[in-house]
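Residue numbers (this note's numbering): -10 to 557.
Here it is, written out as structure tokens:
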């Protein structure tokens, strides 16, 4: 389609060719006039072209344009845009030129040009989308901007916020730690345990505290680790059972137990690692004072008695232990009473007679000054360096009955050796003997391996810590303090004074004054009644060492007595 400028150019060229033909026929004046008229006509036509409403020329241009463009997205969003443009341009130009000269020549030139142009353009643009804008209604929780990525809404979140797991939200977890209702602040929070006994009892839950982790943020909070650190961490135990993310506005617990290692203040740092934006790690301090309020302890608490005599006995016990005070520094006090009223440390203070006052690192003591054949109650109290005390299990124990000394009549020196002589003693014990006796021995020397000197060493051994008493059973008839004293110093009373022997001049001993055997004077080991062999005699009236042997002797065929010992 020709443009307006092209049409005008063709029109002008036509006009020029027509004029040139005329100019060849006209005279000079006519040519000049024609040129002037042409220029005027050219100017007029130009004005008309610039203003279609001027003069008789009419230029009508109607343009009709319809655009159709269809774009269909796979996300079902539909957008339809239809644009129709129709243009019609019609131009009519009529030019009449009348030239009259003095030569009475009339020239009429009529130029009529009709230019009609119709331009119709149809452009249809249709955009069809089956859904709405993906970001419509997505505010990214107020912490980001929405962008369409591959046809889907995705939030570009502010620093510290994340679009996971939902890409259309901006969320951020926020950790908060409480003990009961008290909030602890990261880096500055301190929780102080109550003073706790440093008793090493790991299973004691009385010093265990629960801490609560709350998630006050908008996204799930992941706890990756919780642990104790710093030098005092060994004094605390932490139980972490948080194994899943804590949802928004949710909470979970972990436990810390204080097990002091000594009598001082001990501290540690609780270290919580999470995905919190500005508090990772979250830390706070736990602290506690170790005290000693627990008394020493022992395995059995049993007190044993040994070497039980008529006026003394030995007490033995297991040493106690303590978590704070070294074993060697523990102190013990031993008390007695004739009543069972010393079972506790307080009762021992009030009712006990002190045998041994506070003494370190001991497990044995001899109680003396006791009465013969009498029951006592004994107890041991142990104390640590903090003053905590514990009583052992009270022991009830009687002192021993005395060794009973008496005489037995025999016909001669053929006693049947040691065995026969002891049997004679068993059958000769008098009815007034105190108590029930289970052990009997004749006071004679049989051989170098069985002599009066060693009767406390041979089986059964004669006790060495008991009073030897005659009959009746009271202190007026005490014969000797104990068997060793009897051998070394002699009796404190004679046999006759102790109510043992009658008026007999002597008794078969077969010994020297020190209690050793006289093999030539013991009736051949107390197995013969020969008249040619004699037997050494002991005295019934002496109180010194000579009581075991007199200068005179008796033949093995003579009638005599033996002295017997009996004990429980």
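Note that CB positions come from ideal geometry on N, CA and C, so glycine has one too. These numbers were taken from a predicted model, which means no experiment stands behind them.
- In the structure shown, the three-state DSSP call for residue 124 is coil.
- When DSSP states are grouped into helix, strand and coil, residue 252 belongs to the coil group.
- When only Cα atoms are considered, residue 347 and residue 259 end up about 44 Å apart.
- DSSP places residue 468 outside any alpha helix (DSSP H); the residue lies instead in the beta strand (DSSP E), whose first and last residues are 467 to 469.
- With the rule of 3 Cβ pairs closer than 8 Å, the segment 129 to 142 counts as touching the segment 155 to 169.
- The C-beta separation of residue 224 from residue 378 comes to about 26 Å, leaving the pair out of contact by the 8 Å criterion.
- Between the segment 332 to 339 and the segment 267 to 277 there are fewer than three C-beta pairs closer than 8 Å, too few to call the two in contact.
- Pairing residue 187 with residue 280 gives a Cβ-Cβ distance under 8 Å.
- Here the C-alpha atom of residue 534 lies approximately 6 Å from the C-alpha atom of residue 478.
- When DSSP states are grouped into helix, strand and coil, residue 543 belongs to the strand group.
- Rounded to the nearest angstrom, the Cβ distance from residue 208 to residue 175 is 19 Å, too far for a contact under 8 Å.
- With distances taken between CA atoms, residue 413 lies nearest to 395 out of 142, 425 and 395.
- In this structure, the alpha-carbon of residue 442 lies about 34 Å from that of residue 351.
- Per the C-alpha coordinates, the member of 458, 469, 392 and 399 positioned closest to residue 430 is 392.
- No Cβ-Cβ contact shorter than 8 Å links residue 432 with residue 512.
- The three-state reading of DSSP puts residue 509 in helix, counting H, G and I together.
- Distances from the alpha-carbon of residue 360 to those of 183, 306, 288 and 463 put 463 closest.
- The Cβ-Cβ distance between residue 343 and residue 322 falls below 8 Å.
- Contact between the segment 241 to 258 and the segment 142 to 151 is absent: fewer than three C-beta pairs spanning the two stretches fall below 8 Å.
- In terms of Cα proximity to residue 320, the closest of 139, 376 and 326 is 376.
- Each residue's CA atom was taken as its position, placing residue 537 and residue 434 some 11 Å apart.
- Between residue 206 and the set 179, 400 and 235, the nearest pair of CA atoms involves 235.
- Taking 8 Å as the cut-off, the Cβ atoms of residue 389 and residue 349 do not count as close.
- Assigned with DSSP and collapsed to three states, residue 179 falls in strand.
- With respect to the 8 Å criterion, residue 545 and residue 405 are not classified as neighbours on the basis of their beta carbons.
- As the crow flies, the alpha-carbon of residue 357 is around 4 Å from that of residue 301.
- Between residue 288 and residue 307 a beta carbon distance of about 6 Å is seen, short of the 8 Å cut, so the two are scored as contacting.
- If you ignore the 5 residues before and after residue 199, its C-beta comes within less than 7 Å of the C-beta of 242 and 244, all in its own chain and listed in chain order.
- Counting every other CB atom within 10 Å of its CB across the protein chains shown gives residue 185 a total of 16 or more, marking it as buried.
- For residue 283, no alpha helix (DSSP H) encloses it, and the DSSP letter there is neither H nor E.
- Annotation note: the segment 387 to 425 contains the following uninterrupted alpha helix (DSSP H) runs of length 4 or greater, listed N- to C-terminal: 406 to 417.
- The three-state secondary structure of residue 514, taken from DSSP, is helix.
- Beta bridge pairing from DSSP links residue 500 with 506.
- For residue 25, the three-state secondary structure derived from DSSP is helix.
- Looking from the CA of residue 468, the closest CA among 488, 374 and 182 belongs to 488.
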